[in-house]
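**Student:** Residue numbering for the sequence shown follows the working numbering, beginning at 6 and increasing consecutively.
C-beta atoms are modelled at their ideal positions from N, C-alpha and C, and glycine is treated no differently.
Take this structure first; my questions come after.
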Amino acid sequence: MTFFDPTKLNELLAVLPEIVLVIWALAILAFDLLSARGVSRRALGILTALGLMGALVACVPAALTAASYAATDPTKLVVLGGLVRFDLYAFAFRGIFIVGAALTALVSIDFRAARAGGEYYALLLLATVGMGLMAASNDLMLLYLATETASISLYLLAGFMRDTKLSAEAGIKYFVFGAVTSTIMLFGLSYVFGLSGATQYQVVADRLALSDSKLLLTFSLLLVAVGFLFKTSTVPFQWWAPDVYQGAPTPVAGFISTASKAAGFAIMLRFLPYVFSPVPSHYVEGSGVWIAMMVPLAILTMLVGNLMAINQSNVKRMLAYSSIAQAGYMLIGVAGFAASFGQNTAETTNALAAVIFYLITYTLTNIGAFAVTGIVAQRVGGDDFKDFAGLSRRSPYLALAMVAVMLSLLGAPPLVGFAGKFLLFRSALSVAAQFNNPVFIWLVVLAVAMVLVSVFYYLRVVLAMYTQRAANDAQPLKVSAPVAWAVGLCAFGVIATLLAIYPLWELARAAALSLML
């Protein structure tokens, strides 16, 4: 009897980034335990970022192998006993998670939460592991375990500053809301298993297609969707976001608003239209059910996010509602993808690719926004709009970085945020033309109107930095080198990514195509 099959060794490439990250998390804990207390605190953040870059490098040969399998033998894309999907789609999202975590690790160096020790950075790495497995999951059990791995790590990070009331409150609220939605999702997954008698996505989809339990099938779809909608802070499951983002350590809030949201979209796009593809055929011709579910969610999320952001006096709460609004824009692409799923048209590919591309640009911009906000809060003592007064005189480069990320979140040309919105809205209009569905035209019209509304709250930060004066205008605001590097990379990425739009778009399209194999 053989317990190790060397011919299956290449399957470990499918989870190589996660293997690297788990080993590095243990190494970080060991380094923190064994090193001198004064040395390790600053080094831990840098070491964590280096480990994450190592995991990103590990993605390259694995992604190339996945692309080779997709071209020659797609049956090899399901590995490790059917648990994991070995495709470019998973690796594209892993890149988002890893880059987001690396920037978060660098930004965290000067923050009090990260000074507690290696457990902070280990939790950051384990959250990234969970998200990576979420994106690559091909089995109901792995889906749930990966989701909980990421979620529990983030709950602990959100409440990491136990002696701070807001942080403790953020951790508790995040845990309670997360536990409730996770339970509902697990309830839905149990119905899926009961209806299909299987856990692998392909087998589940095939058996659900033969099911006559129309009402129960739709009910289970709605229950499972709750968990994903919570992750993406989609209305009506967005209530936790403002309080959690405000109370959590600022670098953690930035990570939750980007990587965690991307993980929610990753599994939503892989799981819902694929496993529940039989649902529309039970009711209407085409994909009417998907449009009926996704379009109202997109509308409500855009409206609530943008309108609530206007009334905020705290920048972190404004960024929380901005994050909700951004999820609404991305749901337009999700609706376009789900509405045309299974038809393998250019519109299907472009809608999915637009969401992936948007998440890449959004991760850079939002982490940069939270990084600058955190620096201001650390140095000035608050993160309200008034605390940004005079920043252009105290730290001109920091103010310029904030201008770049604010305008990119707004979608102002020629920044990369404009490219993301343009590709997303164009894909929706293409779906409208292809399927003769004016709903998507009105979605884009509403989205453009909401972008105009967002001008008000994004430019409030810019006006505070450049037109308002502070009592300590003449005192320079000091930023440590690693944090300055992280902010600079975000700002540089927002601008320089314009030069790489075509290769990034082609990467997003390749990832989208791999999902539909």
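1. Look at the Cβ atom of I337, then the Cβ atom of L448, and state whether they are nearer than 8 Å.
2. How about L324 and T263: do their beta carbons lie closer than 8 Å?
3. Drop a sphere of 10 angstroms on the beta-carbon of A517, count the other beta-carbons inside from all chains shown, and report buried for 16 or more, exposed for fewer.
4. Where V181 and L129 are concerned, what is the direct C-alpha to C-alpha distance, given to the nearest angstrom?
5. R90 bridges to which residues according to DSSP?
6. For the candidate residues A268, D388, A417, whose alpha-carbon lies nearest to that of L464?
7. Could you name the residues that DSSP lists as bridge partners for N319?
8. Is the distance from the Cβ of L31 to the Cβ of A107 below 8 Å?
9. For V27 versus V134, is the C-beta spacing smaller than 8 Å?
10. Once you ignore the five residues that flank A54 on each side, which residues in its own chain have a CB closer than 6 Å to its CB?
11. Looking only at C-alpha atoms, which of F36, V62, V65 sits nearest to I51?
12. Tell me whether F393 is buried or exposed, calling it buried when 16 or more other Cβ atoms sit within 10 Å of its Cβ.
13. Give the single residue among G122, V65, Y125, K81 whose Cα lies nearest to the Cα of F96.
14. Is the segment 245 to 252 touching the segment 161 to 175 in the sense that three or more CB pairs, one from each, lie closer than 8 Å?
15. Should P508 go down as buried or exposed, given a rule of 16 or more other Cβ atoms within 10 Å for buried?
16. So which of S435, D217, A454 has the shortest CA-CA distance to L308?
17. On a Cα-Cα basis, can you pick out the residue from V83, I361, Y125 that is closest to S432?
18. Less than 8 Å between C-beta atoms, sequence neighbours within five positions excluded: which residues of the same chain meet that for L38?
19. On a CA-only basis, which of V20, L228, P443, F423 is nearest L531? Give me that one, please.
20. Given a threshold of 16 other Cβ atoms within 10 Å of its Cβ, counted over all protein chains shown, does S459 qualify as buried or as exposed?
21. For F102 versus A71, is the C-beta distance shorter than 8 Å?
22. Report the start-end ranges of each alpha helix (DSSP H) in the segment 142 to 227 that is 4 residues or longer and not cut off at the edges.
23. Determine the contact status of W295 and A340, defining contact as a CB-CB distance below 8 Å.
**Tutor:** Short version:
1. yes
2. no
3. buried
4. 20 Å
5. V83
6. A417
7. D389
8. In terms of Cβ geometry, L31 and A107 do not form a close pair [threshold 8 Å].
9. yes
10. A107, A110, L111
11. Taking only the C-alpha atoms, the option nearest I51 is F36.
12. So F393 ends up on the buried side.
13. V65
14. yes
15. It is exposed - the Cβ of P508 has fewer than 16 other Cβ atoms within 10 Å.
16. A454
17. I361
18. G123
19. What is shown of the chain runs 6 to 522, which leaves residue 531 out entirely.
20. Classification of S459: buried, given that the 10 Å Cβ count is 16 or more.
21. With contacts defined as CB atoms closer than 8 Å, F102 and A71 fail to qualify as a contacting pair.
22. 145 to 163, 170 to 201, 206 to 213
23. yes
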